[in-house]
Every structure is written in structure tokens, then in C-alpha cells.
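Right, one structure below, let's go through it.
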Amino acid sequence: MSKKITKRSDDFSRWYNDIITHADLAENSGVRGCMVIKPYGFAIWEQMKSVLDKMFKDTGHVNAYFPLFIPKSFFTKEAKHVDGFAKECAVVTHYRLKNNDTGEIVVDEDAKLEEELIVRPTSETIIWDTYKRWIKSYRDLPLLINQWANVVRWEMRTRLFLRTSEFLWQEGHTAHSTSEEAVEETKKILDIYINFIQKTLAVPVIFGTKSDNERFAGAEETYCVEALMQDGKALQAGTSHFLGQNFAKAFDVKYASKEGKLEYVWASSWGVSTRLMGALIMTHSDDLGLVLPPILAPIQVVLIPIYHSQDEFKEITLKLKEISDVLKSKNIRVIEDFKDTRKPGWKFSEYELKGVPIRIAMGPKDVKNDSVEIFRRDTLSKQNVKIVDIAQHIEDTLDSIQKKLFEKAKKFNKENTHYADNFEDFKEKINLGGFVYAHWDGTSDTENTIKKITKATIRTIPLNEKSEKGICVYSGKPSTRRVVFAKSY
RNA sequence: CGGGGUAUAGCGUAGUCCGGUUAUCGCGCCACGUUUGGGACGUGGAGGUCGCAGGUUCGAAUCCUGCUACCCCGACCA
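Under this note's numbering, the residue at position 344 of the first sequence is numbered 336, and the numbers go up by one with no gaps.
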């Protein structure tokens, strides 16, 4: 064992970092707080992108691209929005370098920008400045646009994928003629996120709205998707915001209605980021390495020959090649690892570390039996399967892995969801980790106090929970519904 | 941004307190041979501005100053 992964039980953060480095997903770069996403990690992200992109397009959205830089004056137009992001903005102030007296390269102070440019932490402002020119009539609505981009938020403390100063995401920005339609869009996207994260990432989620404290800067309402990681901490996996007319008013975006009246448009914005990579890792992976749901796995099946002589090598690789072709014809992502520079044992470990869902090994014994050995990454179980049955078996197994991973995570989620009705109990449950459903009086004060004492925040005010009379777990004031508390990333 | 810690070969490290020949060990890498059903073994070999910049000293990985990056804990956040 040359690549040793810290056990989850020993040190969860270290385990997380070990998975990322040893599975070749990403690494820290020479730039503070910014990561390099390595080819294997990026391939997973690309897989996410392609599934999600299709979901957006199927619901009438189109992609576009807006600038990286936002003039400060645009940025400051929506008051709450600036408040929310001001503390973490990278600002471009100059546009040229020069050699100084000692030959050093320095910023040319003469090349100062008249107006500073903000490196986008999100694109609402530049986009609404644009929409102002695009939207004139009710006939221009709805406007349903998404962009895949990078954004920069100058974070104090960064962690690979979970929080980096620069990250990749998609941000959707839509404009509508009525409030109802904008809210409907916001919820439609929430559904897409729930669906995507549960079906594709196999990560179970809860969803709902955010409290005032946690709401997006400039939004009327923020809907969110929250997942639970193996260490019992919650991770916000996606957000969808109903922006009301806030940005329309800030950027004076009006349309002429059918009745010929000028009205401000209604808006939504929504996004998920490379943070989903973190959710994926921390939901499924184990002490042997990464575990990937088949839909996202860049490599779904790896073929490994086991042989002694060159004759055996030829015979076995020929048969494996045939299997490979059959699987490829079924659109299964398969690779043949016939390199003779590594021993089978080494390859086994390597692909386990990288989370490849299925490994097919074939050795002399298998040749005799017209079978192969099939190994499942999720259950670590081995099975001999006749070659004639291989295609069906692999297809079924990939499906089964995808389902099992979700079920397993769902089970964990359930086992770590608690209810608390008094504060002592609440503190205890929060310390156990996981989600805690409790009554809350609806005030920021109470939320802040609870946060101070327990470090837990309201992750979401669930949408589909039945209302239930009770008293706030902290203040004792009356409450009509439970909200979800957890410590979070 | 505050508090603590770390930085020595591609990776992990010893040496640092108490300055003194040629900087330790393991993994990995290269060559050859034997191996190949769970990260093989033997022999030989290559690889270092000791994070960067100054300073103290006859002499610095080791002492001093500054800087940078990373890790852990807080505040902030997707």
C-alpha cells in the first residue's frame, strides 16, 4: 500500500483531502485559495454539467456568456446585494505593468482605471444591466438564460471544492412578466436541482426556503437544497432565488404589458457549483477511496487482464477486447487497462481509489470457464459471470450501484435526522451531528443565539412538512412548524 | 482577518532545542533479472538553490528578521 488514506473515523477532513489528492481530482495551486481541477476530477464535473445542461435546455433555457468584470457602479446599484458580497470581492484597479528603475515588474500607477472593475462574485448586476436593453415588451418575456462560468469570492478559509476563492458554476437568470411566473420558475429549478442531485449524484436531499439570515443578498425568497455529509454536517448543494423586482428596479428594467402599461419585470436566479463535487465525495466515498455513482463516473467499467505468459496475455486481452466492444456498443464507458507495467493488484487498488464502479478481471481460470470476475466498488463484492451474460449483467449492475448508493445515503440521512422539543435535548442532538427538526419562533435573534451556543444554523424551512403546533425550542414562544437545524459546511 | 502549527528529492519524513565533514530513512522514479488471481522481490542507479529574501557567524537545514504558501481552530461564506 503506497497510497494511504486517512480513515474517516480518525480525521474526516484529512480523509476528504486524501480522497481528492489520491483519486487525482484536484490540488491546491500556487494561487492562494484557488485549486487546480485535474483531468479526472474535471471529467466528473463535465459529466454533471452535461446532465444538468440538458435538464435546463429541456425546460426552455438557453446558454449565454456575460463578462467576468463588473463595473463598480453596476455592482453597487442593489443595496442589499452589495452588502452581501462587498467583503469578498476581488477588485481590478490597474490595467498595465511596467519595469521600474531596478528592472522589477511593477504595477504602472499611471494605468489606473477610471472605474474599478469587480471580478464577478455572481452576475446579477451585469446581467440586469444587459436585460435592460433586451426587454421592452411582454413579447420579450420570459427570458430564460443560463451561463456556465467561473466566479470569485475572496474567502478567508478555503477547502478543495467546498470553498475556494475561484469556483465554477452555472448561474441562471430569468425575467418574467408576473410575480407568479417568476416564483414558478424558481420552484421549477428547485425541482430540477432536487432531481439532479438525487438521481444523478445519488445524494439524498431535503429542501425548502432559507431564513432571513441565510437568504441570498438581494432576494425576496431563497429556496435551497441541503444534503447531509458522512460526518453529520449539512452541505448546501444548490440555491434558487426569487428576486422579486429588486434588480428590475435597481436597473430600471420595465416592459410594456398587453395593456400598454410600463411594468417592472420579475426575476429569478439560481446556481449550483463545483461544490457538488464535495457533496459527491463526502456522501459516498469510503476508507478505500472515492466511490462514484455510475451516471457520473468517467470510467464505468475497467478491464484488467491477469496473465503469466505472453500467450496468455494475447488470449486474454483478445477476449477482453471483445467484451469491451460489446459494452461500448451499449454506451457504457469502459477502458481497457492492458499495461504490462503494473501488476493486477496494483491496478485493483488504483481503480478502487478512483471510484470506478465496476472492475472486470480475467485470468487463466476465467478463460477456462468462459467467465470473468466482476467486482463492485460500492459493496466490494466479487462475482463470476459467464461472458455470454456480460452486457446484461453490467447494465443491471450499473443500475443497481446507482440505486444502492442512493439508498445507502438515504438510510444514513434518516438515521441522522432527529427531533428535539426542548433546548437540552436540542443541544445533545446537534452534537450528535445530522439534521435536527425543531420548532423555532421565526426571529433572527433566536436563530443567532442558537448559532452562538450550538454552532448550528437553520439549514432550511422545509416546504413539504405538515404544519404542527409547538413551542420554539429556545424561546418557548409559539411556533407553527418545525425547521431544520444542523452544523454546516 | 485573529490564534496555533508546518515548510528538507515527485510524496511522506529524520536532523532544528544545543550551528561543525559527503543532509537521514521509506515510498515512488530509472536499469537489469526473477515475478504477475489484491499495491511483488533482489541488485544497481538517478534525483536536493533544506519554502523565498535578508542578516548573525570562520561555518547556517539548524540562530535572528521579513515575506509567501499550506494545515488546524475562530469570525465570514455556495
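Beta carbons are placed, not taken as given, at the ideal position from N, Cα and C, and that holds for glycine.
*Measure the beta-carbon distance from LYS241 to LYS479 and round it to whole angstroms, keeping in mind my assumption that it falls under 8 Å.*
As a first step, residue 241 is located in the first sequence; it is residue number 249 there, counting from the start. As a first step, residue 479 is located in the first sequence; it is residue number 487 there, counting from the start. About 37 Å separates the two Cβ atoms, so there is no contact after all.
*Taking the C-alpha atoms as reference points, what is the distance between VAL143 and ASP413?*
The residue you call residue 143 lines up with position 151 of the first sequence. The residue you call residue 413 lines up with position 421 of the first sequence. Their backbone Cα atoms lie some 41 Å apart in a straight line.
*Measuring CB to CB, does ALA353 end up less than 8 Å from ILE298?*
For the purposes of this step, residue 353 is identified with residue 361 of the first sequence, where counting begins at 1. For the purposes of this step, residue 298 is identified with residue 306 of the first sequence, where counting begins at 1. Closer than 8 Å, so yes.
*Going by beta carbon distance, what residues of the same chain come within less than 7 Å of VAL99, once the five residues before and after it are set aside?*
Position 107 of the first sequence, counting from 1, holds the residue named residue 99. Same-chain partners within the cutoff: HIS86 and LEU89.
*Would you identify the three-state DSSP class for ARG351, choosing helix, strand or coil?*
By one-based count along the first sequence, residue 351 stands at place 359. Correct three-state label for ARG351: strand.
_Backbone secondary structure at PRO134 - three-state DSSP_ = The residue you call residue 134 lines up with position 142 of the first sequence. Coil.
*asked:* Tell me which residues share the same chain as PRO63 and place their Cβ nearer than 7 Å to its Cβ, disregarding the 5 neighbours each side in the sequence.
replied: Residue 63 sits at position 71 when you count from the first residue of the first sequence. Around PRO63: GLU107 and LEU109.
*Buried versus exposed, by CB contacts within 10 Å (16 or more), ASP303*: By 1-based counting over the first sequence, the position of residue 303 is 311. Exposed is the call here.
*Report buried or exposed for PRO356, applying the criterion of at least 16 other Cβ atoms within 10 angstroms of its Cβ.*
If you number the first sequence from 1, residue 356 lands on position 364. With a 10 Å radius around the Cβ and a threshold of 16 neighbouring Cβ atoms, PRO356 comes out exposed.
*Hey, would you say the C-beta of ASP362 is under 7 Å away from at least one heavy atom of the ligand ADP?*
This structure does not include the ligand ADP; it has no bound ligands of any sort.
*Taking Cβ positions, are THR156 and GLY263 nearer each other than 8 Å?*
In the first sequence, counting from the first residue as 1, residue 156 sits at position 164. In the first sequence, counting from the first residue as 1, residue 263 sits at position 271. It is not a contact, given that the beta carbons lie outside the stated cut-off.
*Would the beta-carbon of VAL43 fall within 8 Å of that of THR192?*
Along the first sequence, read from residue 1 onward, the residue named residue 43 stands at position 51. Along the first sequence, read from residue 1 onward, the residue named residue 192 stands at position 200. Closer than 8 Å, so yes.
*May I have the straight-line CA-CA distance separating GLY200 from ASN92, to the nearest angstrom?*
As a first step, residue 200 must be located in the first sequence, where it is residue number 208. As a first step, residue 92 must be located in the first sequence, where it is residue number 100. Answer to the nearest angstrom: the Cα atoms are 56 Å apart.
*Going by the beta-carbon positions, is the gap between SER203 and ILE453 smaller than 8 Å?*
Mapped onto the first sequence, residue 203 falls at position 211. Mapped onto the first sequence, residue 453 falls at position 461. Yes; because the gap between Cβ atoms is below 8 Å, this pair is in contact.
*asked:* At 3 residues or longer, what runs of the beta strand (DSSP E) sit wholly inside the stretch 256 to 316?
replied: Fully enclosed beta strand (DSSP E) runs of 3 or longer: 258 to 265 and 293 to 297.
*For GLY164, the nearest candidate out of ARG474, GLY230, LYS124 and MET274 (CA to CA)*: Translated into the one-based positions of the first sequence, residue 164 becomes position 172. Restricting attention to ARG474, GLY230, LYS124 and MET274, the CA atom closest to the CA of GLY164 is found in GLY230.
_Contact between the stretch 260 to 278 and the stretch 212 to 221 is defined here as three or more beta-carbon pairs at a separation below 8 Å; is this criterion met?_
Short answer: they touch.
*Among PRO286, GLU177, ALA289 and VAL195, which residue has its Cα nearest to the Cα of GLY236?*
For the purposes of this step, residue 236 is identified with residue 244 of the first sequence, where counting begins at 1. Looking at the Cα atoms, GLU177 is the closest of the given residues.
*Below 6 Å CB to CB, which residues in the same chain sit around ASN55 once its five sequence neighbours on both sides are set aside?*
Here residue 55 is taken as the residue at index 63 of the first sequence, counted from 1. Contacts found: ASN138.
*DSSP state of LEU397, grouped into three classes?*
Your numbering for residue 397 matches position 405 in the first sequence. Of the three classes helix, strand and coil, the one that applies to LEU397 here is helix, per DSSP.
*8 Å Cβ cutoff met for ARG125 and ILE118*: Here residue 125 refers to the residue found at position 133 of the first sequence. Here residue 118 refers to the residue found at position 126 of the first sequence. Not in contact: ARG125 and ILE118 (Cβ atoms no closer than 8 Å).
*Minimum length 4: unbroken alpha helix (DSSP H) runs contained in the stretch 78 to 128*: For secondary structure counted as the alpha helix (DSSP H) over 4 or more consecutive residues, the stretch 78 to 128 holds these complete runs in sequence order: 116 to 126.
*Taking Cβ to Cβ, would you say TYR466 is nearer than 8 Å to THR449?*
Taking the first sequence and counting its residues from 1, the one referred to as residue 466 is at position 474. Taking the first sequence and counting its residues from 1, the one referred to as residue 449 is at position 457. The answer is no: Cβ separation not under 8 Å.
_Run of the alpha helix (DSSP H) containing ILE445, from where it starts to where it stops_ = As a first step, residue 445 is located in the first sequence; it is residue number 453 there, counting from the start. Going by DSSP, ILE445 is part of the alpha helix (DSSP H) stretching over 436 to 446.
*asked:* Quick check on the burial criterion: 16 or more other C-beta atoms within 10 angstroms. Buried or exposed for VAL245?
replied: Sequence index remark: in the first sequence, residue 245 carries index 253 (1-based). By the 10 Å Cβ count, VAL245 comes out buried.
*So, HIS431 versus ARG474, is the Cβ gap smaller than 8 Å?*
Here residue 431 refers to the residue found at position 439 of the first sequence. Here residue 474 refers to the residue found at position 482 of the first sequence. At the C-beta level, HIS431 and ARG474 come within 8 Å of one another.
*Between the stretch 304 to 314 and the stretch 368 to 378, are three or more C-beta pairs nearer than 8 Å?*
Counting Cβ pairs under 8 Å, fewer than three are found: no touch.
*What does DSSP give as the partner residues of PRO63 in its beta bridges?*
Within the first sequence, numbered from 1, the residue matching residue 63 stands at position 71. Here PRO63 is bridged, per DSSP, to LEU109.
*asked:* Let me confirm a value: ASP358 is counted as buried when at least 16 other C-beta atoms fall within 10 Å, else exposed. Which label applies?
replied: Along the first sequence, one-based indexing puts residue 358 at 366. Within 10 angstroms of the beta-carbon of ASP358 lie 16 or more other beta-carbons, which makes it buried.
*asked:* Closest to LEU288 by C-alpha separation, out of LYS30, ASN456, ARG0 and TRP37, would be which residue?
replied: Looking up residue 288 in the first sequence gives position 296. LEU288 has its Cα closest to that of TRP37, out of LYS30, ASN456, ARG0 and TRP37.
_Cα-Cα separation, THR441 to ASP417_ = Within the first sequence, numbered from 1, the residue matching residue 441 stands at position 449. Within the first sequence, numbered from 1, the residue matching residue 417 stands at position 425. THR441 and ASP417 have their alpha carbons spaced roughly 16 Å apart.
*Identify whether ASN153 lies in helix, strand or coil by the three-state DSSP scheme.*
Against the first sequence, residue 153 aligns to sequence position 161. This sequence places Phe at residue 153; Asn is not what is there. Assignment of PHE153 by DSSP, reduced to helix, strand and coil, places it in the coil class.
*Whole-angstrom C-beta distance between SER232 and LEU182, which should lie under 8 Å*: For the purposes of this step, residue 182 is identified with residue 190 of the first sequence, where counting begins at 1. For the purposes of this step, residue 232 is identified with residue 240 of the first sequence, where counting begins at 1. Rounded, the Cβ-Cβ distance is 5 Å, consistent with contact.
*The alpha helix (DSSP H) spanning SER40 covers which residue range?*
Here residue 40 corresponds to residue number 48 of the first sequence, with the count starting at 1. Here residue 40 turns out to be Met, not Ser, going by the sequence shown. 31 to 50 is the extent of the alpha helix (DSSP H) around MET40.
_Segments assigned alpha helix (DSSP H), at least 4 residues, entirely inside the stretch 209 to 260_ = DSSP runs (the alpha helix (DSSP H)) wholly in the stretch 209 to 260: 238 to 242.
*GLU173 and PRO134: beta carbons closer than 8 Å?*
Here residue 173 refers to the residue found at position 181 of the first sequence. Here residue 134 refers to the residue found at position 142 of the first sequence. In this structure, PRO134 lies closer than 8 Å to GLU173 by Cβ.
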